[in-house]
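Sequences listed follow chains P and L, in order. The first sequence begins at 20 in the numbering used here and counts up one residue at a time. The second sequence begins at -5 in the numbering used here and counts up one residue at a time. Inspection log for the structure reproduced underneath, given as structure tokens.
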Amino acid sequence: MTSPISTRAGRLRFPKATIAARWLKKTMHHIKHIEMKTVRLGANLIVLGLLFSASAIAQTNSSPKTTLAISIRTLSSPYQVMYKVGAEAYAKQIGLPLDVLTTEANSQKGLTDIKSEVARTGGNVAFFIDPNDASDALPIAKTLEAAGVYFVTWWSKPADVKVWDYPHWIAHVSFDGFAAGTYTATELFKTFKTPGKGKIIALQGRLGDTPNAERWQGLQQVLSQNPGIQLLQWESAQWDRTQAYNDTKAMLVAHPDIDGVWT
Amino acid sequence: MFDAIKSGLAAATVMNDAKYQAGLGLAMSLAAKEGKLDVASQPQKYRQFEIPAVNVNRQNVDQIVDEYITNTPNYDFTNFYARWSVAIP
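Shown next, in the form of structure tokens:
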């Protein structure tokens, strides 16, 4: 407020008394102006103060939004992409932020990312986790239990690790792999030229995964009920499409006369 | 796989509903965090359990694709155990 006055005063060309009188008048005017501005500024500060107070009250009354987080293997698999689509739909429905973590089939990366997410959110996070491997479930459980973060796991965990030993591990859920293995084998064998008689090759997922083991058991049961079916070769493709394609091609070269592929 | 079933190249598959999986997992975790799901009081059969997959063959493949893949069902997550089928020991 003072610089315009000195700038204008510097351009005046009047006798000293007149200058002094005018200076006094202008100064008084500016003082009044400053006072008014001060009053306005004070009013504005009061308004701002009220706004900050209201904001602070709002912050106190409603805690920050919980972050939803999913930890999955990859976004290059159509199935895993559906995790993301489903999580996004749920997050949108309830109006909460969502973070998608991918292990890229690296168990250590999966655990590190989960720890980082807990740190980033200050523990204000709710997790859905599809562990990269069954053995990952235990270190994940210990980490989230220590952090007091609730979580649900899907698909894979060691059989001797029990959810009820960890208060924040709400549930471990899976699909009925045995039923899936028996269903697909039964349907496949029906389509053969002579139903229940033929040669097959098989493609497994990750050997450490519980669902893979259950599906394999399902296939074995149907094979035991259909002695006319011969399993010539099988490979583990680690749930990876490219590897599955390459493994199947190689098996077809070795066994060109098969009737079907079970996977 | 669905296209292969439609064309007759593949016989059948199972459809694991990943959209439901993600939604259910997050809904349960959030409910527990907000105190709406008392984890400790849940019986063990609700702590480790399986749900059924959807069997897909040439007869129902078009319906399954439309319902679960092209569209996203309007899931009800108020009952976390609606699809419970068997406990995992």
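By construction, the Cβ of each residue, glycine as well, lies at the ideal position given by its N, Cα and C atoms.
**OP:** Enumerate in chain order the residues of its own chain whose CB-to-CB distance from P:Gln249 is below 8 Å, with the five nearest sequence positions on each side excluded.
**Re:** By one-based count along the first sequence, residue 249 of chain P stands at place 230. Around P:Gln249: Gly217, Lys218 and Ile219.
Original post:
Rounded to a whole number of angstroms, what is the C-alpha to C-alpha distance between P:Ser72 and P:Lys84?
Top reply: Indexing the first sequence from 1 puts residue 72 of chain P at position 53. Indexing the first sequence from 1 puts residue 84 of chain P at position 65. A caution first: P:Ser72 carries a pLDDT of 41, below 50, which makes its placement in the model unreliable, though a value can still be read off. Using only the alpha carbons, I get a separation of about 20 Å.
Original post:
How is the alpha helix (DSSP H) around P:Asn265 delimited, first residue to last?
Top reply: By one-based count along the first sequence, residue 265 of chain P stands at place 246. Start and end: Arg260 to Ala273.
**OP:** Would you mind reading off the limits of the alpha helix (DSSP H) that contains P:Ala165?
**Re:** Looking up residue 165 of chain P in the first sequence gives position 146. Note, P:Ala165: alpha helix (DSSP H), Ala156 to Ala166.
Original post:
Which same chain residues, not among the five before or five after L:Ala4, have their C-beta less than 8 Å away from its C-beta?
Top reply: If you number the second sequence from 1, residue 4 of chain L lands on position 10. Contacts found: Met(-5) and Ala(-2).
Original post:
Helix, strand or coil: how does DSSP classify P:Ala62 here?
Top reply: Taking the first sequence and counting its residues from 1, one reaches residue 62 of chain P at position 43. The predicted position of P:Ala62 is uncertain, since its pLDDT is 43 and thus under 50; no value can be drawn from it.
Original post:
Does the region 151 to 158 of chain P come within contact of the region 227 to 237 of chain P, defined as at least 3 CB pairs closer than 8 Å?
Top reply: The count of Cβ pairs closer than 8 Å, one atom from the region 151 to 158 of chain P and one from the region 227 to 237 of chain P, reaches three, so the stretches are in contact.
**OP:** Could you please tell me which residues of the region 204 to 237 of chain P, in chain order, have their CB closer than 8 Å to any CB of chain C?
**Re:** Included in the structure are the protein chains P and L, with no chain C among them.
**OP:** Compute the Euclidean distance between the alpha carbons of P:Lys134 and P:Ala256, then round it to the nearest angstrom.
**Re:** In the first sequence, counting from the first residue as 1, residue 134 of chain P sits at position 115. In the first sequence, counting from the first residue as 1, residue 256 of chain P sits at position 237. Approximately 29 Å between the Cα atoms of the pair.
**OP:** Would you mind telling me which residues of chain P sit closer than 8 Å to L:Val87, beta carbon to beta carbon, in chain order?
**Re:** Outside the shown range of chain L (-5 to 83) lies residue 87 of chain L, about which nothing can therefore be said.
Original post:
Going along the chain, which unbroken runs of the beta strand (DSSP E) with 3 or more residues stay wholly within the region 80 to 142 of chain P?
Top reply: Restricted to the region 80 to 142 of chain P, the beta strand (DSSP E) segments that are unbroken, complete and at least 3 residues in length are 86 to 91 and 117 to 121, listed in chain order.
**OP:** Answer with yes or no whether the minimum CB distance from P:Gly11 to chain L is below 9 Å.
**Re:** Residue numbering for chain P in the displayed model covers 20 to 282; residue 11 of chain P lies beyond these limits and cannot be assessed.
Original post:
Apart from the five residues on each side of it in sequence, which residues of its chain come closer than 7 Å, Cβ to Cβ, to P:Thr201?
Top reply: The residue given as residue 201 of chain P occupies position 182 in the first sequence. Only Gly237, Gln240 and Val241 meet the Cβ criterion.
Original post:
How long is the line joining the alpha carbons of P:Thr203 and P:Gln244, rounded to whole angstroms?
Top reply: Here residue 203 of chain P refers to the residue found at position 184 of the first sequence. Here residue 244 of chain P refers to the residue found at position 225 of the first sequence. Straight-line measurement puts the Cα of P:Gln244 at about 14 Å from the Cα of P:Thr203.
Subject >> Positions along the region 25 to 48 of chain L whose CB lies within less than 9 Å of some CB in chain P >> reply: The region 25 to 48 of chain L vs chain P, Cβ under 9 Å: Ala25, Ala26, Lys27, Glu28, Leu31, Val33, Ala34, Gln36, Gln38, Tyr40, Arg41, Gln42, Phe43, Glu44, Ile45, Pro46 and Ala47.
Original post:
Along the chain, where does the beta strand (DSSP E) that runs through P:Thr172 open and close?
Top reply: Along the first sequence, read from residue 1 onward, the residue named residue 172 of chain P stands at position 153. Membership of P:Thr172 in the beta strand (DSSP E) is indicated by the continuous run Phe170 to Trp173.
Original post:
For P:Asp132, which of P:Gly141, P:Thr122 and P:Thr140 has the nearest alpha-carbon?
Top reply: In the first sequence, the residue the question calls residue 132 of chain P occupies position 113. Ranked by Cα distance from P:Asp132, the options P:Gly141, P:Thr122 and P:Thr140 are led by P:Thr122.
Subject >> Three-state class that DSSP yields for P:Phe197 in the structure shown >> reply: Sequence index remark: in the first sequence, residue 197 of chain P carries index 178 (1-based). For P:Phe197, the secondary structure class from DSSP, reduced to helix, strand or coil, is helix.
Subject >> Assigned secondary structure, L:Met(-5) (DSSP; H/G/I helix, E/B strand, else coil) >> reply: On the second sequence, residue -5 of chain L is found 1 positions in, with the first residue counted as 1. Under the three-state reduction of DSSP output, L:Met(-5) falls in the coil class, being neither helix nor strand.
Subject >> Three-state class that DSSP yields for L:Ser79 in the structure shown >> reply: Taking the second sequence and counting its residues from 1, the one referred to as residue 79 of chain L is at position 85. Reduced to three states, the DSSP call for L:Ser79 is coil.
Original post:
Got a sec? Which residues, its chain only, sit under 6 Å from L:Arg77 by beta carbon, not counting five neighbours each side?
Top reply: Walking along the second sequence from the start, residue 77 of chain L turns up at place 83. Exclusion of the five residues before and after L:Arg77 leaves Ile45 as the residues of its chain whose Cβ lies within less than 6 Å of its Cβ.
Original post:
Between the region 104 to 135 of chain P and chain L, which residues of the former have CB atoms less than 9 Å from a CB of the latter, in chain order?
Top reply: Here the close residues are Val104, Gly105, Ala106, Glu107, Ala108, Tyr109, Ala110, Gln112, Ile113, Leu115 and Leu117.
Original post:
Which chain L residues are close to P:Gln253, counting only those with a beta carbon under 8 Å from its beta carbon?
Top reply: Here residue 253 of chain P is taken as the residue at index 234 of the first sequence, counted from 1. Reading off the sequence, residue 253 of chain P comes out as Trp, not Gln. The contact set of P:Trp253 on chain L, defined by CB atoms closer than 8 Å, is empty, because the minimum CB distance reaches about 18 Å.
**OP:** Kindly say whether P:Met101, judged by its beta-carbon, lies nearer than 9 Å to any beta-carbon of chain L.
**Re:** To locate residue 101 of chain P, count along the first sequence from 1; it is residue 82. Taking Cβ atoms only, chain L reaches closer than 9 Å to P:Met101, which makes this a yes.
**OP:** Compare the C-beta of P:Tyr98 with all C-beta atoms of chain L and state if any pair is closer than 9 Å.
**Re:** Against the first sequence, residue 98 of chain P aligns to sequence position 79. Yes, because at least one Cβ of chain L sits closer than 9 Å to the Cβ of P:Tyr98.
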